[in-house]
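Peer 1:
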Amino acid sequence: MDAATGLRLLALAAGAIALAAVARRRDWPAPLVLVAAGLLVSFVPGVPVYRLDPEIVLLVFLPPLLYSAALDSSFLRLRDFKRAVGLLSVGLVLFTTLVIGVVMHLLIPQLGLAAAFALGAIVAPPDAVAAVAVARRLGLPRRMITILVGESLFNDATALTVYRVAIAAAMGQGITLLGGVLDFLVAAVGGVLIGLAVAWALGWVLERIRDPLVENTIMLLIPFAAYLAAEVVHASGVISVVIVGLYIGHRMHRAGFGTRLLSDALWRVIAFFLETIVFALIGLQLHSIVSDALKVHDPWTLAGYALAIFGTAVATRFVWMVPAAALPPILSKKIREREGTQSFPRIVAVSWAGMRGVVSLAAASTLPEDLEGRALLLFLTFAVVIGTLLVQGLTFPTLIRRLKITSDREVYDDNLAEAAAQQAAATAALATLPDQATASSVHAEVIGQLRAKEERRTLNAWERLGGGTGQEGEETPSAAYRRMRRAMLTAEREVFVRLRDERRIDDEVLRRVMQELDFEEAILERD
Numbered sequence: 001m002d003a004a005t006g007l008r009l010l011a012l013a014a015g016a017i018a019l020a021a022v023a024r025r026r027d028w029p030a031p032l033v034l035v036a037a038g039l040l041v042s043f044v045p046g047v048p049v050y051r052l053d054p055e056i057v058l059l060v061f062l063p064p065l066l067y068s069a070a071l072d073s074s075f076l077r078l079r080d081f082k083r084a085v086g087l088l089s090v091g092l093v094l095f096t097t098l099v100i101g102v103v104m105h106l107l108i109p110q111l112g113l114a115a116a117f118a119l120g121a122i123v124a125p126p127d128a129v130a131a132v133a134v135a136r137r138l139g140l141p142r143r144m145i146t147i148l149v150g151e152s153l154f155n156d157a158t159a160l161t162v163y164r165v166a167i168a169a170a171m172g173q174g175i176t177l178l179g180g181v182l183d184f185l186v187a188a189v190g191g192v193l194i195g196l197a198v199a200w201a202l203g204w205v206l207e208r209i210r211d212p213l214v215e216n217t218i219m220l221l222i223p224f225a226a227y228l229a230a231e232v233v234h235a236s237g238v239i240s241v242v243i244v245g246l247y248i249g250h251r252m253h254r255a256g257f258g259t260r261l262l263s264d265a266l267w268r269v270i271a272f273f274l275e276t277i278v279f280a281l282i283g284l285q286l287h288s289i290v291s292d293a294l295k296v297h298d299p300w301t302l303a304g305y306a307l308a309i310f311g312t313a314v315a316t317r318f319v320w321m322v323p324a325a326a327l328p329p330i331l332s333k334k335i336r337e338r339e340g341t342q343s344f345p346r347i348v349a350v351s352w353a354g355m356r357g358v359v360s361l362a363a364a365s366t367l368p369e370d371l372e373g374r375a376l377l378l379f380l381t382f383a384v385v386i387g388t389l390l391v392q393g394l395t396f397p398t399l400i401r402r403l404k405i406t407s408d409r410e411v412y413d414d415n416l417a418e419a420a421a422q423q424a425a426a427t428a429a430l431a432t433l434p435d436q437a438t439a440s441s442v443h444a445e446v447i448g449q450l451r452a453k454e455e456r457r458t459l460n461a462w463e464r465l466g467g468g469t470g471q472e473g474e475e476t477p478s479a480a481y482r483r484m485r486r487a488m489l490t491a492e493r494e495v496f497v498r499l500r501d502e503r504r505i506d507d508e509v510l511r512r513v514m515q516e517l518d519f520e521e522a523i524l525e526r527d
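Residues in the sequence shown are numbered consecutively from 1, following our numbering.
1. Please classify Met219: is it buried, with 16 or more other beta-carbons within 10 angstroms of its beta-carbon, or exposed?
2. Which one or two residues does DSSP pair with Pro126 in a beta bridge?
3. Please confirm whether Phe154 and Val85 have their CB atoms less than 9 Å apart.
4. Write down every uninterrupted run of the alpha helix (DSSP H) in the region 37-99 whose length is 4 residues or greater and which is fully enclosed by it, in chain order.
5. My guess is that Pro223 and Pro64 are in contact by the Cβ rule of under 8 Å, so how many angstroms apart are they, rounded?
6. Compute the distance between the beta-carbons of Leu12 and Ala280, then report whether it is under 9 Å.
7. When DSSP labels each residue in this structure, what does Arg251 get in the three-state scheme?
8. Nearest-angstrom Cα distance between Ala353 and Val149?
9. Using DSSP with H/G/I as helix, E/B as strand and the rest coil, what is Gly468?
10. Smallest Cα separation from Gly181: which of Ile167, Val241, Val162 and Ser291?
11. With C-beta atoms as the reference, is Ile194 less than 9 Å away from Ala229?
12. Express the C-alpha separation of Ser343 and Ala187 in angstroms, rounding to a whole number.
13. Quick check on this structure: which residue in Val242, Val348, Tyr481 and Phe318 has the alpha carbon closest to the alpha carbon of Val189?
14. Grab me the residues of Phe382's own chain with a C-beta within less than 6 Å of its C-beta, minus the 5 sequence neighbours each way, in chain order.
15. Just to confirm before moving on: does the CB-CB distance between Ala201 and Ala159 stay below 9 Å?
16. CB-CB under 8 Å to Tyr481, same chain, minus the five flanking residues each way: which ones, in chain order?
17. To the nearest angstrom, how far is the alpha carbon of Ala325 from that of Leu261?
18. Am I right that Ser360 and Val385 are in contact with their C-beta atoms under 8 Å? What's the rounded C-beta distance?
19. Where are the alpha helix (DSSP H) runs, 4 residues long or more, that stay fully inside the region 249-316, in chain order?
20. Tell me which residue opens and which closes the alpha helix (DSSP H) that Gly139 is part of.
21. Does the beta-carbon distance from Ala491 to Glu275 come in below 9 Å?
22. Alpha carbons only, please: which of Phe43, Ala21, Leu32 and Val47 is nearest the one belonging to Leu7?
23. Using a Cβ-Cβ cutoff of less than 8 Å, which residues in the same chain neighbour Ile505 once the five nearest sequence positions on both sides are dropped?
24. Just to confirm the assignment, what range does the alpha helix (DSSP H) spanning Gly387 have?
25. State the Cα-Cα distance for the pair Pro299 and Leu371, rounded to the nearest angstrom.
26. Can you list, in chain order, the residues of its chain with a C-beta nearer than 6 Å to that of Ile167? Leave out the 5 residues immediately preceding and following it.
27. In or out: Glu207 buried (at least 16 other Cβ within 10 Å) or exposed?
28. Roughly how many angstroms lie between the CA atoms of Val57 and Arg451, to the nearest whole one?
29. Hey, out of Trp267, Val198, Gly120 and Thr217, whose CA is closest to Tyr67's CA?
30. Which runs of the alpha helix (DSSP H), 4 residues or longer, sit entirely within the region 223-250?
31. Quick one: Cα of Met514 to Cα of Val93, how far?
32. Less than 9 Å separating the beta-carbons of Leu246 and Ser89?
33. Starting from the Cα of Leu32, find the closest Cα among Glu516, Leu284 and Ser291 and give me that residue.
34. If I measure Cβ to Cβ from Met144 and keep anything under 8 Å in the same chain, skipping five residues before and after, which residues do I get?
35. Given that a residue counts as buried once 16 or more other Cβ atoms are within 10 Å of its Cβ, and exposed if not, what is Met484?
As structure tokens, this is what we get:
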């Protein structure tokens with residue numbers, strides 16, 4: 001790579017991060033802003049052509065993004081809603097592939113049924129990054145977020161496996177329906193088994209290192225190791241990465257506090273950086289993809305095809321979601337008791353959260369160069385991705401507000417459960433003090449300080465149930481403590497910095513005391 005190419009990539013990253021920063025500050029959905037900006041910039045004269053290398057996406061971008069999402073997910077909640085997640089990540093992907101394949105074949109019979117199904121598999125899996133970001137910001141119920149996250153974690157494996165089968169058939173490699181089903185089962189089961197094996201081995205290693213820096217450095221390698229280990233034996237690398245992430249995340253409590261603090265910050269930065277670059281690249285590719293498609297079809301024909309496939313992709317999700325979400329609880333008492341019924345507004349919200357993303361474009365980029373209609377398939381994939389991100393993504397927050405879907409009850413229940421848990425934890429912690437005092441001759445003054453700390457934490461948890469305010473809006477004791485302690489921390493920092501500037505303490509001392517103050521402020525911020 002020459003210096004000019006390096007500068008272009010640096011400019012791309014810097015511009016994308018700057019846009020994402022502005023979007024975050026103004027509370028805009030960053031993925032949509034980046035895509036829209038990329039669309040506009042791609043038509044500016046002199047802007048270089050950016051192409052999304054599928055190998056880089058599937059090997060460099062996808063594993064860490066999936067691992068980060070899985071690490072932050074709840075294995076227990078996904079297990080609770082495994083039926084709903086399975087209906088979307090497997091059933092809906094297959095249904096969408098079938099419907100879009102048939103529609104595409106009817107529109108362009110000369111394209112070939114296998115190639116039409118390949119397009120269906122490419123655009124079938126939604127990328128819930130944008131939808132989940134909006135859902136969390138608007139405070140949607142946990143069940144909806146869990147289902148959207150679970151769908152995005154597992155649907156890529158289904159779509160990529162079906163895509164490979166369809167491409168093999170399109171290229172005349174003589175694959176049968178039974179063979180395709182067997183390939184799918186081998187990929188899925190193999191991905192699960194390899195993911196569990198990698199997760200167990202790495203979990204065993206991590207629990208014995210007890211060094212936050214080393215543990216998190218190893219974690220950087222985990223998604224790539226899981227993906228490659230599965231792909232080498234032709235299993236699903238996507239499923240393998242997801243399984244490892246869920247396993248490690250579920251057992252993260254066994255790690256030290258330093259490992260958890262570093263891990264949380266590390267993967268937030270990685271996910272933010274990769275998502276920023278990817279969504280910017282999606283928009284920047286518009287010019288080249290449209291130019292290639294116009295060499296084969298006229299603009300009005302392309303627009304007609306794009307609208308037809310975009311409309312089919314959106315409608316198919318609604319057609320599947322309504323009976324899949326509403327009928328099982330009605331027909332099965334067991335499902336109704338375990339999961340409850342879904343209101344129509346929630347079904348509509350999940351149905352509209354079908355934005356496509358980077359996996360679709362990466363899969364389309366791997367289409368064989370000699371496949372008939374490749375330029376058209378690339379263009380239609382791009383049209384569906386951009387269309388869903390802009391149309392559904394921009395209207396999703398308004399839809400949620402209009403439907404009046406909130407998680408207020410869940411927030412109250414969570415605060416109540418946390419307060420009760422804090423009360424029990426404080427009781428257990430205080431019960432250890434007499435034994436410690438006897439064993440180590442701890443002074444009564446220290447014991448009093450420890451008791452006061454536990455009582456303050458417990459009081460803060462109960463106060464949160466009332467919104468953190470005292471009677472008639474007065475400041476609660478916990479809020480007053482945090483306000484005054486923050487002011488004390490600020491004053492302490494200023495003194496330490498001044499002493500460093502006066503050369504009365506070394507930078508190493510400053511870093512050490514600043515870290516201690518930062519940890520305490522992090523606890524205050526959490527409270």
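All C-beta atoms in this analysis are idealised placements derived from N, C-alpha and C, irrespective of residue type, glycine included. Remember, predicted model here, so these are calculated numbers, not experimental data.
Peer 2: Well, looking at it:
1. Its Cβ being crowded by 16 or more others within 10 Å, Met219 is buried.
2. Answer by DSSP bridge pairing, in chain order: Arg356.
3. Between Phe154 and Val85, the gap from beta carbon to beta carbon is short of 9 Å.
4. Fully enclosed alpha helix (DSSP H) runs of 4 or longer: 62-71, 75-80 and 82-86.
5. With 8 Å as the limit, Pro223 and Pro64 qualify as a contact, their Cβ atoms being about 5 Å apart.
6. Their beta carbons are under 9 Å apart, which means Leu12 touches Ala280 by this criterion.
7. Residue state, collapsed to three classes: coil.
8. Cα to Cα, the separation comes out at about 11 Å.
9. Confidence in Gly468 is poor, its pLDDT being 49 and thus under 50, which makes the residue's placement unreliable; the coordinate value appears in the next sentence. Here Gly468 sits in coil by DSSP.
10. Residue 181 is actually Val in this sequence, not Gly. Among Ile167, Val241, Val162 and Ser291, the Cα nearest to that of Val181 belongs to Val162.
11. When the beta-carbon positions are compared, Ile194 and Ala229 come within less than 9 Å of each other.
12. The alpha-carbon atoms of Ala187 and Ser343 are separated by roughly 35 Å.
13. Considering only alpha carbons, the answer is Val242.
14. Contacts found: Ile289.
15. The beta carbons of Ala201 and Ala159 sit no closer together than 9 Å.
16. Taken in chain order, the residues that qualify are Arg456.
17. One C-alpha to the other measures close to 38 Å.
18. Going by Cβ atoms, the distance from Ser360 to Val385 rounds to 5 Å, so yes, they are a contact pair.
19. Here the runs fully enclosed are 257-284 and 286-294.
20. If you look at Gly139, you'll find it isn't in any alpha helix (DSSP H); DSSP assigns it neither H nor E.
21. No, Cβ-Cβ distance for Ala491 and Glu275 is not below 9 Å.
22. Out of Phe43, Ala21, Leu32 and Val47, Val47 has the C-alpha closest to the C-alpha of Leu7.
23. Same-chain partners within the cutoff: Phe496 and Leu499.
24. Where Gly387 is concerned, the enclosing alpha helix (DSSP H) stretches over Arg374 to Gly387.
25. Cα to Cα, Pro299 sits roughly 22 Å from Leu371.
26. Ala118, listed in sequence order.
27. Burial state of Glu207 is exposed, judged by a 10 Å Cβ sphere holding fewer than 16 other Cβ atoms.
28. In this structure, the straight-line span from the alpha carbon of Val57 to that of Arg451 is close to 53 Å.
29. Distances from the alpha-carbon of Tyr67 to those of Trp267, Val198, Gly120 and Thr217 put Trp267 closest.
30. Those alpha helix (DSSP H) runs which fall completely within the region 223-250 and span 4+ residues are 237-250.
31. So the alpha carbons of these two residues sit roughly 51 Å apart.
32. Cβ atoms of Leu246 and Ser89: not closer than 9 Å.
33. The candidate whose alpha carbon is nearest that of Leu32 is Leu284.
34. Setting aside the 5 residues that flank it on each side, Met144 is surrounded in the same chain by Ala135, Arg346, Ala349, Val350 and Ile405, each with a C-beta closer than 8 Å to its C-beta; the list follows chain order.
35. Its Cβ having fewer than 16 others within 10 Å, Met484 is exposed.
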